[in-house]
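Residue numbers (the numbering used here), protein chains in the order written: chain Z, 23 to 599; chain H, 23 to 599.
Glycine is no exception: its CB is placed at the ideal position from the N, C-alpha and C atoms.
Report on the following structure.
2 protein chains.
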Amino acid sequence: MYAAPLADIKATLEQMIEAGRLSQTELFADATPETVEAVVAEAAKLAESAMAPINHSGDQEGSRLENGVVRTPTGYKEAYAQIAEGGWVGMAADPEHGGMGLPITVMSAVNEMMASANLSLSLCPLLSQGAIEALEKHGTPEQKALYLPKLISGEWNGAMNLTEPQAGSDVGALRTKAEPVGDGSYRIEGGKIWISWGDNDCASSTVHLVLARLPGAPAGSRGISLFVVPKFLPNADGGLGERNALKVVSLDHKMGLHGSPTCVMAYEGATGWLVGEENKGLACMFTMMNNARLGVGIEGVGIAEMATQKAMAFAMERRQGKTPTQDGQGTIVEFADVRRMLMDMASLTQAARAIAYACAFQLDMARAAPTAEARADAAAMGAFLTPLAKAFGTDVGIEVAQLGVQVHGGMGFIEETGAAQYSRDVRVTAIYEGTNGIQAMDLVGRKLADGGAAAERALGAAAELATAMAAGAAALQGPAMALAEAVGAARETTRWMLEAAPNDRAAGGVDYLRLLSLTFGGMYLLRAAKGGDPRRVALARSFAARRLPEVKALAVRATQGAEDLYALDAQTLSTVS
Amino acid sequence: MYAAPLADIKATLEQMIEAGRLSQTELFADATPETVEAVVAEAAKLAESAMAPINHSGDQEGSRLENGVVRTPTGYKEAYAQIAEGGWVGMAADPEHGGMGLPITVMSAVNEMMASANLSLSLCPLLSQGAIEALEKHGTPEQKALYLPKLISGEWNGAMNLTEPQAGSDVGALRTKAEPVGDGSYRIEGGKIWISWGDNDCASSTVHLVLARLPGAPAGSRGISLFVVPKFLPNADGGLGERNALKVVSLDHKMGLHGSPTCVMAYEGATGWLVGEENKGLACMFTMMNNARLGVGIEGVGIAEMATQKAMAFAMERRQGKTPTQDGQGTIVEFADVRRMLMDMASLTQAARAIAYACAFQLDMARAAPTAEARADAAAMGAFLTPLAKAFGTDVGIEVAQLGVQVHGGMGFIEETGAAQYSRDVRVTAIYEGTNGIQAMDLVGRKLADGGAAAERALGAAAELATAMAAGAAALQGPAMALAEAVGAARETTRWMLEAAPNDRAAGGVDYLRLLSLTFGGMYLLRAAKGGDPRRVALARSFAARRLPEVKALAVRATQGAEDLYALDAQTLSTVS
Numbered sequence: 023m024y025a026a027p028l029a030d031i032k033a034t035l036e037q038m039i040e041a042g043r044l045s046q047t048e049l050f051a052d053a054t055p056e057t058v059e060a061v062v063a064e065a066a067k068l069a070e071s072a073m074a075p076i077n078h079s080g081d082q083e084g085s086r087l088e089n090g091v092v093r094t095p096t097g098y099k100e101a102y103a104q105i106a107e108g109g110w111v112g113m114a115a116d117p118e119h120g121g122m123g124l125p126i127t128v129m130s131a132v133n134e135m136m137a138s139a140n141l142s143l144s145l146c147p148l149l150s151q152g153a154i155e156a157l158e159k160h161g162t163p164e165q166k167a168l169y170l171p172k173l174i175s176g177e178w179n180g181a182m183n184l185t186e187p188q189a190g191s192d193v194g195a196l197r198t199k200a201e202p203v204g205d206g207s208y209r210i211e212g213g214k215i216w217i218s219w220g221d222n223d224c225a226s227s228t229v230h231l232v233l234a235r236l237p238g239a240p241a242g243s244r245g246i247s248l249f250v251v252p253k254f255l256p257n258a259d260g261g262l263g264e265r266n267a268l269k270v271v272s273l274d275h276k277m278g279l280h281g282s283p284t285c286v287m288a289y290e291g292a293t294g295w296l297v298g299e300e301n302k303g304l305a306c307m308f309t310m311m312n313n314a315r316l317g318v319g320i321e322g323v324g325i326a327e328m329a330t331q332k333a334m335a336f337a338m339e340r341r342q343g344k345t346p347t348q349d350g351q352g353t354i355v356e357f358a359d360v361r362r363m364l365m366d367m368a369s370l371t372q373a374a375r376a377i378a379y380a381c382a383f384q385l386d387m388a389r390a391a392p393t394a395e396a397r398a399d400a401a402a403m404g405a406f407l408t409p410l411a412k413a414f415g416t417d418v419g420i421e422v423a424q425l426g427v428q429v430h431g432g433m434g435f436i437e438e439t440g441a442a443q444y445s446r447d448v449r450v451t452a453i454y455e456g457t458n459g460i461q462a463m464d465l466v467g468r469k470l471a472d473g474g475a476a477a478e479r480a481l482g483a484a485a486e487l488a489t490a491m492a493a494g495a496a497a498l499q500g501p502a503m504a505l506a507e508a509v510g511a512a513r514e515t516t517r518w519m520l521e522a523a524p525n526d527r528a529a530g531g532v533d534y535l536r537l538l539s540l541t542f543g544g545m546y547l548l549r550a551a552k553g554g555d556p557r558r559v560a561l562a563r564s565f566a567a568r569r570l571p572e573v574k575a576l577a578v579r580a581t582q583g584a585e586d587l588y589a590l591d592a593q594t595l596s597t598v599s
Numbered sequence: 023m024y025a026a027p028l029a030d031i032k033a034t035l036e037q038m039i040e041a042g043r044l045s046q047t048e049l050f051a052d053a054t055p056e057t058v059e060a061v062v063a064e065a066a067k068l069a070e071s072a073m074a075p076i077n078h079s080g081d082q083e084g085s086r087l088e089n090g091v092v093r094t095p096t097g098y099k100e101a102y103a104q105i106a107e108g109g110w111v112g113m114a115a116d117p118e119h120g121g122m123g124l125p126i127t128v129m130s131a132v133n134e135m136m137a138s139a140n141l142s143l144s145l146c147p148l149l150s151q152g153a154i155e156a157l158e159k160h161g162t163p164e165q166k167a168l169y170l171p172k173l174i175s176g177e178w179n180g181a182m183n184l185t186e187p188q189a190g191s192d193v194g195a196l197r198t199k200a201e202p203v204g205d206g207s208y209r210i211e212g213g214k215i216w217i218s219w220g221d222n223d224c225a226s227s228t229v230h231l232v233l234a235r236l237p238g239a240p241a242g243s244r245g246i247s248l249f250v251v252p253k254f255l256p257n258a259d260g261g262l263g264e265r266n267a268l269k270v271v272s273l274d275h276k277m278g279l280h281g282s283p284t285c286v287m288a289y290e291g292a293t294g295w296l297v298g299e300e301n302k303g304l305a306c307m308f309t310m311m312n313n314a315r316l317g318v319g320i321e322g323v324g325i326a327e328m329a330t331q332k333a334m335a336f337a338m339e340r341r342q343g344k345t346p347t348q349d350g351q352g353t354i355v356e357f358a359d360v361r362r363m364l365m366d367m368a369s370l371t372q373a374a375r376a377i378a379y380a381c382a383f384q385l386d387m388a389r390a391a392p393t394a395e396a397r398a399d400a401a402a403m404g405a406f407l408t409p410l411a412k413a414f415g416t417d418v419g420i421e422v423a424q425l426g427v428q429v430h431g432g433m434g435f436i437e438e439t440g441a442a443q444y445s446r447d448v449r450v451t452a453i454y455e456g457t458n459g460i461q462a463m464d465l466v467g468r469k470l471a472d473g474g475a476a477a478e479r480a481l482g483a484a485a486e487l488a489t490a491m492a493a494g495a496a497a498l499q500g501p502a503m504a505l506a507e508a509v510g511a512a513r514e515t516t517r518w519m520l521e522a523a524p525n526d527r528a529a530g531g532v533d534y535l536r537l538l539s540l541t542f543g544g545m546y547l548l549r550a551a552k553g554g555d556p557r558r559v560a561l562a563r564s565f566a567a568r569r570l571p572e573v574k575a576l577a578v579r580a581t582q583g584a585e586d587l588y589a590l591d592a593q594t595l596s597t598v599s
């Protein structure tokens, strides 16, 4: 069963990313380390006691569509009510509409614990957070007054309607139509797929944010507008009125996340209202994309943490064969190969967590820092770290969950154990909210468009730490030197990227993203080890010895260019022979 | 849908491992390249037309236990009948009892195609092959006469009963009892778990090979004997007699392989007969362990091939966004990052296939080579390559299936597509028949006990090829140099392993196994590229540029030793903090 890693979260916040700086800003003056610790501890209780106990049963039972209505698994409704009552849906929302106004950094820690405890259920508040943010930034005053209090309180939930069958990663290809009715509302017609929590029996209504095209809108991504389309049309008093003309056609049969209803939606002349400007829908979506991507990265961290805990507990109990220690009588945790896996799991998890929280911190400082320059710097760094937080966080989630299955041996393949569920649930996180390949394209495209300034700022900090610690405590000199080498390879690769043609960058993007992430991960682990805590020293050493060597291999891969990949025409490449 | 990769299989057999040498031996004189090609083509038809069409439906339907009897999914019975009629169950069995007497090399190619087409169903003949081999080697003449013809014809199927809840990887800990009855038979009492195809409605009886302890047998692995325990007691004429006192208690609910019934078995005073000598049961099992492990490695190759085909087909059809080629109008196969994944998938699959087939070839030559010395050399090489074939084959199966999901994007997470099934089905192959960690322990323990002779023989061949080709065709000079570097790192790591303490080797075993496998894979791909075929040249170049660089990183990891892994006591390591 899940136990929130409170000390690790605290160490990440305080030692690795120095989040204490938040409370020195005016905006987050209340977010002192003590308050943050108390908030995190409160959320930990909720995750442990209300969400974790129904994670496995929810997977086995699954959400179902019955007479056009989604029934979530037993216990979801009650657990959701607790999430809502605790104020966790609106924890980062503006206090003006009932939110807690917490920094994204703290929200990320809370979201991580909810993802660890029950990823399927955690998606419901996570998606509401996205809807809240979109309406806060782009809604009219009337829309804000109508929707925000109910979304923030959790009475209603939010759902994002982007994808259509022909328009997955390429959102610009979507076809859903919005016709002005003349009274300020629009008639929405079209179909959407992969709509997580598009309907449910936890909230009393679902507020859909829907991307659609106005008549005569330009083709492609410049002709898309954003609409708010509630399941029930609100009455003048904000209560639930008539049922809107939208419905759930079916639920997808997925590899994992069985508790989370993934809806195929049909809009059949549903009534909606424009959010933001006409044809600026994608821009509206993009303003919250950083947070959403960070949120998904955090999902990966959450599953990595849970899979690690589960594997550790199993390895501590399971007896098989003669161990090299304890007169051969130990449990399998005593085998070197099992320890290798556990150390990899723990250190990768902590590295991914640090990168994700660091990203969150920068997004907070982009709002809260005292000067415009500092805010701009933080925004740039947050934008730079976002694809890393998303792709590395979810890749680590998958990798660690797979290692967790392996530690369990045969029991890992049996569903009763639960280890398999983590590997199934987390799989989609590398795909949705922009595949990890798309994250890499974002990194080597948009995020290097500053001439590598953000990359160099981050790598410079790592180099500085490496230099300082190479002359410090003996146990950390080796890791410091490994970090320095990794920084060297990362800098060289960055230079190569900056000079390379776009498609050559694209060919190496995924590898570049990973090598940067490993390098930064090594930096954060080393920073936390500075205090001399034996566990943190051991993890930093393990990561430096066993994961940082990958950086050089990745640098070779990342800088191969695209030419060879096109040596075969597609037909020859794909023909079975 | 699956299309057997006949040209790739042929190239592997003829160019990579030079299997033509088999027909120069007396034992396999009939296995000429032409005959082998005809046999493979015949099996290909069966896999494509009878097995592949029921792969997805079988996963969705699953095997069920109804009134104590296993019902396999719709169509399994009919497809199994075709496998049996084609003689594929007994394809490598002795012709004396109705087998085809084919080399293991050819059997491996056939098994690969069956695994690609329908892994769940393919396990049934695969396990029968194991039972046949055990009885051929250790059965009495009466046992052979009674069981072999029916197993070889497929009328009955074979099942292996090793695991008990407390005895997974540590088979020596098992507790099932066998009491002599006095008439030459034994009374078997105990429970077994994870018994694949332990009951079914495809064959008319199931022949269980059961490991159990005789009264007063020594503790541990030296007190285990092997018994044959049929579902129905045979009549004097070989027909089915009375039902034996064994039953299926339940079927496991697994992450994948839903079509394959995984039984919890209860032996309640079942009648069995000793196979081989008393207390030599594990040795009997070990004589067929190489083949069984190779068989599982081949399962990984089969799924890798299938996942690659599926991803290629999807990437050729799916349109999303503006491609960097074809005026932006191409399908996603035109994106560099998608090509990177596809090239990795194809080249890894071919590398794993070559290693597995090379292992099979050595196992054949261990029987067929003309001199005792050549047979001993082949046996040693076959034993050395077995853990690589098993662990690398299955790791590649998992890695490639995961890449396949990723290429599919959101469709990869939806079960209807089929890509997810491959990743679920293949997951257990890294676990059963000895986890991949155990394969690595076997490699750095038993398989290096020759002082590294087999390793050096294999690496020497790779070095020779690299030297020859570094001066050959320009397109292959780079890959040849990359191979030479990999060989250098592999040799250094081998030397380190030979000098290291056992637990230090154990700590690096998994990484050492992978670096050897990548090196040999690079060699085989280069050998196939020698002829200048553009597809093979491209794959060899891609593998050398993008996968061989891993070898150096793995060498660093492999040679870290165990000390750091024990820096924390287990309690500190595992405590959530």
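- Using a Cβ-Cβ cut-off of 7 Å, residue 143 of chain Z does not count as an interface residue toward chain H, since no Cβ of chain H sits closer than that to its own.
- Chain-order list of chain H residues neighbouring residue 596 of chain Z: 334, 335, 337, 338, 355, 364, by C-beta distance under 8 Å.
- Under the 10 Å beta carbon count, residue 190 of chain Z is surrounded by 16 or more other beta carbons and is classified as buried.
- Using a 10 angstroms sphere on the CB of residue 357 of chain H, the tally of other CB atoms reaches 16 or more, which defines it as buried.
- Counting the other CB atoms within 10 Å of its CB gives residue 315 of chain Z a total of 16 or more, which places it among the buried residues.
- Under DSSP, the beta-bridge partners assigned to residue 211 of chain H are H:199, H:290.
- Residue 234 of chain H: member of the beta strand (DSSP E) spanning 227-234, first to last residue.
- Given a length threshold of 4 residues, each whole run of the alpha helix (DSSP H) inside the stretch 537-579 of chain Z is given here in chain order: 556-568.
- When C-beta distances to chain H are compared with 7 Å, the residues of the stretch 273-293 of chain Z below that value are 274, 275, 276, 277, in chain order.
- Under the Cβ criterion of 7 Å, residue 436 of chain Z is counted among the residues facing chain H.
- Within the model, the alpha-carbon separation for residue 269 of chain Z versus residue 287 of chain Z is close to 6 Å.
- Going by beta carbons, residue 124 of chain Z and residue 131 of chain Z fall outside the 7 Å limit.
- Cβ-Cβ distances below 6 Å link residue 433 of chain H to 439 in the same chain, with the five nearest sequence neighbours on each side left out; the list follows chain order.
- Residues of chain H with a Cβ closer than 8 Å to the Cβ of residue 579 of chain Z are, in chain order, 567, 568, 571.
- It is roughly 16 Å from the alpha-carbon of residue 535 of chain Z to the alpha-carbon of residue 484 of chain Z.
- Residues of the same chain with a CB within less than 7 Å of the CB of residue 59 of chain H, apart from the 5 flanking positions on each side, are 32 in chain order.
- Of all residues in the stretch 454-485 of chain H, those with a C-beta nearer than 9 Å to a C-beta of chain Z are 454, 457, 458, 459, 460, 462, 463, reading in chain order.
- Within 10 angstroms of the beta-carbon of residue 495 of chain Z lie fewer than 16 other beta-carbons, which makes it exposed.
- The closest CA to that of residue 353 of chain H, considering only H:41, H:340, H:35, H:487, is found on H:340.
- Closer than 7 Å at the C-beta level to chain Z, one finds no residue of the stretch 68-89 of chain H.
- Contact annotation, residue 576 of chain Z with residue 533 of chain Z: C-beta distance approximately 5 Å; criterion of less than 8 Å satisfied.
- For a cut-off of 8 Å, the C-beta gap from residue 538 of chain H to residue 385 of chain H is around 18 Å, too long to register as a contact.
- Within chain H, the residues placing a beta-carbon under 7 Å from that of residue 564 of chain Z are 586, ordered along the chain.
- Think of a sphere of 9 Å around the beta carbon of residue 342 of chain Z: the chain H residues whose beta carbon falls inside it are 188, 189, 190, 191, 192, 195, in chain order.
- A residue is called buried when at least 16 other Cβ atoms come within 10 angstroms of its Cβ; residue 167 of chain Z does not meet this threshold and is exposed.
- About 5 Å separates the beta carbon of residue 73 of chain H from that of residue 101 of chain H, a gap short enough to meet the 8 Å contact definition.
- Annotation: residue 272 of chain H to residue 185 of chain H spans about 15 Å, alpha carbon to alpha carbon.
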